[in-house]
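J.: Just dropping this structure here.
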Amino acid sequence: MNALLRLEDCLILLKLCLPPEGINVANGLPYTAHTSICYFRSVYIAIQETVKTVGSLRFCGSESVETSKKRDKVMDEKIYVAVAGRDLESKSSLVWAIQNSGGREFCIVYIHQPIQKLRLYRKEKERAHKSLDKYLNICRQMQVSAEKLFIEMDSVEEGILHLISNQGVKKLVMGAAADKHYSMRMKDLQSKKAIYIHREAPSTCHIWFTCKGYLICSREGRKRDDLYLECASSNSSSQSEITKGTESVPSSSMVKDDDQIAIKRAKQSENVYISELKRRKETEKALRQTKEELEKMIRKLQYKYSLSMEALRRLRQEQEELKIELREVSKLKSNRKNHGPPQYFICPITQDVMEDPHVAADGFTYEGEAISNWFVRGHETSPMTNKRLTHTSLVPNLALRSAIQEWLIKEAQLSPMTNIL
């Protein structure tokens with residue numbers, strides 16, 4: 282700032298350097314010394330303001346630059362928002378995350394609990410995807426980039442923990458309780474799912490718990506290196522307390538050994554967790570394959586069932602057509618047989634056309650007088666089947682009698698014509 286000339290010195294130099302008033306040599310336009318001085322004064326003020334800004338940035342030092350870089354880095358991290366089937370509650374959590382987290386990229390997560398019934402499962406899945414599309418539209422309206430993630434798990438809590446472990450989630454926003462439970466005095470988590478996630482989630486994940494668009498509480502996330510150092514320091518402090526009665530000052534080699542043991546234990550627990558996670562993935566993969574095979578078998582059975590039903594329908598149709606053809610053939614045969622009575626007009630005992638047909642217990646029709654004489658002679662069996670009859674009662678076959686009478690009338694009418702021929 283001291284190196285810059287004062288405004289008065291610059292104006293004096295400008296007056297000395299300016300040509301006399303008149304025509305500008307460069308562009309031929311008229312000018313005066315007063316207008317040039319005014320222009321120089323405005324330029325000088327702008328330069329002075331720029332120098333002040335640069336100086337303030339210089340005095341802020343490297344710490345402000347580093348903090349801005351860290352802030353940009355934090356804002357660039359993807360923020361995961363866990364949503365549920367209730368649209369209004371999930372919308373309030375999403376809007377709070379967009380307005381207060383300062384993130385630029387969001388991932389909307391929906392944990393779907395599958396239903397065993399296939400029709401209900403498809404409807405629930407379609408409904409979940411429609412809700413996710415609604416949340417994506419909200420993100421577009423608020424001018425932030427977002428993507429959706431659909432996960433199927435039997436438990437919502439296990440699904441969120443699975444997501445944090447697999448995706449390496451650093452920031453998560455989820456509900457602390459249902460909106461109907463919100464009050465101004467609410468400070469603790471009321472949802473069992475939120476309590477479980479707060480207790481069991483990896484400490485590297487920063488979690489915000491919201492309700493009805495308000496922040497209820499949050500859990501700070503820590504880096505993995507900090508966890509190792511904390512574990513090592515806690516182990517070393519416990520070891521120092523144990524040996525405090527015997528030794529006044531612990532040696533540096535013992536502290537290093539304790540740190541290495543603590544780090545080794547932490548790595549072993551991490552390896553166990555990774556192996557367990559791998560085994561769980563393999564189990565889920567096997568279950569998914571079994572489910573796909575079952576669905577294929579169901580589709581095949583449904584296809585075969587439809588084919589069998591179609592074949593049965595065709596067989597019934599053919600059966601009806603055959604019945605019609607048989608009726609027509611029987612009519613043709615009856616038309617061809619003009620001579621002689623039908624066989625069912627003849628009594629099985631007398632072998633003559635019946636005048637008074639009766640039905641016996643065996644279901645056959647006989648001449649009433651002939652079957653009565655059969656019983657009078659002491660027979661208790663059927664003349665047709667030779668099996669013992671349950672009773673000897675007779676029932677008149679009126680329909681057959683009327684048919685025989687009609688046939689006799691027709692025969693009587695046709696007999697004169699045949700005699701003439």
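In our numbering, the protein residues as written are 282 to 702. For every residue, glycine included, the Cβ atom is placed at its ideal position computed from N, Cα and C.
1. Grab the span of the alpha helix (DSSP H) containing A651 for me, first residue to last.
2. Buried or exposed: K548, going by 16 or more other Cβ atoms within 10 Å of its Cβ?
3. Could you give the DSSP three-state label for S426: helix, strand or coil?
4. Ignoring anything shorter than 4 residues or poking outside the region 426-508, list the alpha helix (DSSP H) runs there in chain order.
5. Roughly how far, in whole angstroms, is the beta-carbon of K429 from the beta-carbon of I392, given that I think they are within contact range, below 8 Å?
6. By a C-beta neighbour count over all protein chains shown, 10 Å radius and 16 as the cutoff for buried, is V610 buried or exposed?
7. Among the residues of its own chain, which have a CB less than 8 Å from the CB of D633, if the five just before and after it don't count?
8. If you reduce the DSSP assignment to three classes, tell me which class A684 lands in.
9. Cβ of S436 versus every heavy atom of the ligand MG: is any distance shorter than 6 Å?
10. Cα-Cα, which of K612, N654 and N552 is closest to T631?
11. Among L596, T646, K451 and S412, which has the Cα closest to the Cα of S382?
12. Going by C-alpha distance, which of R403, H660 and R608 is nearest T671?
13. For the beta strand (DSSP E) that F387 lies in, which residues bound it at each end?
14. Just list the residues that DSSP pairs R669 with in beta bridges.
15. What is the residue span of the beta strand (DSSP E) that Y361 lies within?
16. By alpha-carbon positions, which one of Q686, W377 and N678 ends up nearest to C492?
17. G456 to I419, Cα distance in whole Å?
18. Compute the Euclidean distance between the alpha carbons of E439 and Q541, then round it to the nearest angstrom.
19. To the nearest angstrom, how far is it from the Cα of A651 to the Cα of L593?
20. What are the boundary residues of the beta strand (DSSP E) that P622 is part of?
21. Which residue comes first and which comes last in the beta strand (DSSP E) that contains V640?
22. Can you say whether K461 is buried or exposed, counting buried as having 16 or more other CB atoms within 10 angstroms of its CB?
23. Based on the DSSP secondary-structure assignment, which residues constitute the bridge partners of V634?
24. For V364, count neighbouring C-beta atoms within 10 Å of its own C-beta (all shown protein chains included) and say buried if the count is 16 or more, exposed if not.
25. With distances taken between CB atoms, is the gap from A482 to I445 smaller than 7 Å?
26. Measure the C-alpha to C-alpha separation of L442 and I478 and round it to an integer number of angstroms.
27. Look at the Cβ atom of D643, then the Cβ atom of S674, and state whether they are nearer than 7 Å.
28. By alpha-carbon positions, which one of L582, G494 and F490 ends up nearest to D469?
29. Below 7 Å CB to CB, which residues in the same chain sit around N447 once its five sequence neighbours on both sides are set aside?
30. Is it buried or exposed, M423, if we count other Cβ atoms within 10 angstroms and call 16 or more buried?
31. Opposite V676 in the DSSP bridges: which residues?
T.: Inspection of the coordinates gives the following:
1. Sequence index remark: in the sequence shown, residue 651 carries index 370 (1-based). A651 -> alpha helix (DSSP H) spans G649 to V657.
2. As a first step, residue 548 is located in the sequence shown; it is residue number 267 there, counting from the start. Answer is exposed; the Cβ neighbour count stays below 16.
3. In the sequence shown, residue 426 corresponds to position 145, counting from 1. If DSSP states are grouped into helix, strand and coil, S426 belongs with the strands.
4. You should have 437-448 and 473-481.
5. Residue 429 sits at position 148 when you count from the first residue of the sequence shown. Residue 392 sits at position 111 when you count from the first residue of the sequence shown. K429 to I392, Cβ: 12 Å. No contact.
6. For the purposes of this step, residue 610 is taken as the residue at position 329 of the sequence shown. That one is exposed.
7. Residue numbering aside, residue 633 sits at position 352 when the sequence shown is read from its first letter. Cβ neighbours of D633 beyond the five flanking positions: I627 and E648.
8. Taking the sequence shown and counting its residues from 1, one reaches residue 684 at position 403. Helix.
9. Looking for the ligand MG in the displayed structure turns up nothing, as the structure carries no ligands at all.
10. If you number the sequence shown from 1, residue 631 lands on position 350. When each option's Cα is compared against that of T631, the closest is N654.
11. Here residue 382 corresponds to residue number 101 of the sequence shown, with the count starting at 1. For the residues L596, T646, K451 and S412, the minimum Cα distance to S382 belongs to K451.
12. Your numbering for residue 671 matches position 390 in the sequence shown. Of the listed residues, the one whose Cα sits closest to T671 is H660.
13. In the sequence shown, counting from the first residue as 1, residue 387 sits at position 106. First-last of the beta strand (DSSP E) with F387: E386 to H393.
14. In the sequence shown, counting from the first residue as 1, residue 669 sits at position 388. Answer by DSSP bridge pairing, in chain order: T662.
15. For the purposes of this step, residue 361 is taken as the residue at position 80 of the sequence shown. I360 to V364 is the extent of the beta strand (DSSP E) around Y361.
16. Here residue 492 corresponds to residue number 211 of the sequence shown, with the count starting at 1. Here the closest residue by C-alpha is W377.
17. Within the sequence shown, the letter at position 175 stands for residue 456. Within the sequence shown, the letter at position 138 stands for residue 419. Whole-angstrom Cα-Cα distance: 18 Å.
18. Taking the first residue of the sequence shown as 1, we reach residue 439 at position 158. Taking the first residue of the sequence shown as 1, we reach residue 541 at position 260. Using only the alpha carbons, I get a separation of about 32 Å.
19. Start at 1 with the first residue of the sequence shown, and residue 651 comes out as number 370. Start at 1 with the first residue of the sequence shown, and residue 593 comes out as number 312. Rounded to whole angstroms, A651 to L593 spans 48 Å at the Cα level.
20. Position 341 of the sequence shown holds residue 622. For P622, no beta strand (DSSP E) segment is defined, and its DSSP state is neither H nor E.
21. On the sequence shown, residue 640 is found 359 positions in, with the first residue counted as 1. From DSSP, the beta strand (DSSP E) with V640 extends over P638 to V640.
22. For the purposes of this step, residue 461 is taken as the residue at position 180 of the sequence shown. Under this definition K461 is an exposed residue.
23. Position 353 of the sequence shown, counted from the first residue, corresponds to residue 634. Beta-bridge pairing links V634 to I627.
24. The residue you call residue 364 lines up with position 83 of the sequence shown. Its Cβ being crowded by 16 or more others within 10 Å, V364 is buried.
25. As a first step, residue 482 is located in the sequence shown; it is residue number 201 there, counting from the start. As a first step, residue 445 is located in the sequence shown; it is residue number 164 there, counting from the start. Cβ atoms of A482 and I445: closer than 7 Å.
26. Here residue 442 refers to the residue found at position 161 of the sequence shown. Here residue 478 refers to the residue found at position 197 of the sequence shown. L442 and I478: Cα-Cα distance of roughly 7 Å.
27. Counting from 1 along the sequence shown, the entry for residue 643 is found at position 362. Counting from 1 along the sequence shown, the entry for residue 674 is found at position 393. Not a contact, by the Cβ cut-off of 7 Å.
28. Within the sequence shown, numbered from 1, the residue matching residue 469 stands at position 188. Comparing Cα positions, the closest option is F490.
29. As a first step, residue 447 must be located in the sequence shown, where it is residue number 166. So the list is empty, once near-sequence residues are dropped.
30. The sequence position of residue 423 within the sequence shown is 142, counting from 1. Classification for M423: exposed.
31. Counting from 1 along the sequence shown, the entry for residue 676 is found at position 395. Residue pairing for V676: DSSP places it in a beta bridge opposite V640.
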